[in-house]
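FYI, the numbering for the sequence shown is 691 to 837, going by the numbering used here.
Here is the structure we will look at.
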Amino acid sequence: MISSILIPTDFSPASWNATQVALELSRLNSDLVISLLHIYPNSSRYTHKNNLLPENKLDEVRGRMNQLAQGLLDHSEDKIKNVVLSGNVEDTLLQFIKEHDFDLVIVGINSNGQNNDIGSHTVSVIKESGVPVMIVPNKLVDGAIAS
């Protein structure tokens, strides 16, 4: 039985679709724990000269994650955990998966929302995580996959 799900999120519609699918699964299992993970990239585009993230940016992202988790708790009795990390997105994601005992990872197919081509981070999770991965397409209808 699935007792823990990880949803990596970049706050995109694709991530929201993955979250909706996890919530549907949680209705079947009241003991299910859903972990939302956002990784703030530590590339030079986002960091200062010393390669550190500005604390106010991390606080901002933590606030968004708290709002997201609280919004989900308002609509369900599911257990929701949220985590904000910084680092190389792919490496940090794979390390986080390997350090925790998730039964399933649910990801949106890609964050651009334009097509159903699988994103590079999703491919890495499938190849390297050792955990079953559910890929959610961009188009959903009422939390269900559209035909």
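Where is the CB? At the ideal position from N, CA and C, for every residue including glycine.
query = Hey, how far is the Cα of Met-824 from the Cα of Lys-747?
reply = 30 Å
task = Taking Asn-707 as part of the alpha helix (DSSP H), name the residues at either end of that continuous run.
result = 703-716
task = Work out the CA separation of Arg-717 and Arg-754 for me, nearest whole Å.
result = 24 Å
query = Using the beta-carbon count (16 or more within 10 Å), is His-728 buried or exposed?
reply = buried
ask   = Pick from Leu-794, Asn-719, Pro-698: whose alpha carbon is nearest that of Asp-781?
value = Pro-698
request  = Go ahead and pull the three-state DSSP assignment for His-790.
outcome  = coil
query = With distances taken from CA atoms, which of Ser-819, Pro-703, Gln-710, Lys-769 is nearest Gln-785?
reply = Ser-819
task = Please state if the CB of Gly-798 and the CB of Lys-708 are separated by a distance shorter than 8 Å.
result = It should be pointed out that residue 708 corresponds to Ala in this sequence rather than to Lys. Closer than 8 Å, so yes.
key: Local Cβ density within 10 Å of Phe-840, reported as buried at 16 or more and exposed below that   = The question about residue 840 has no answer here: the residues shown for the chain are numbered 691 through 837.
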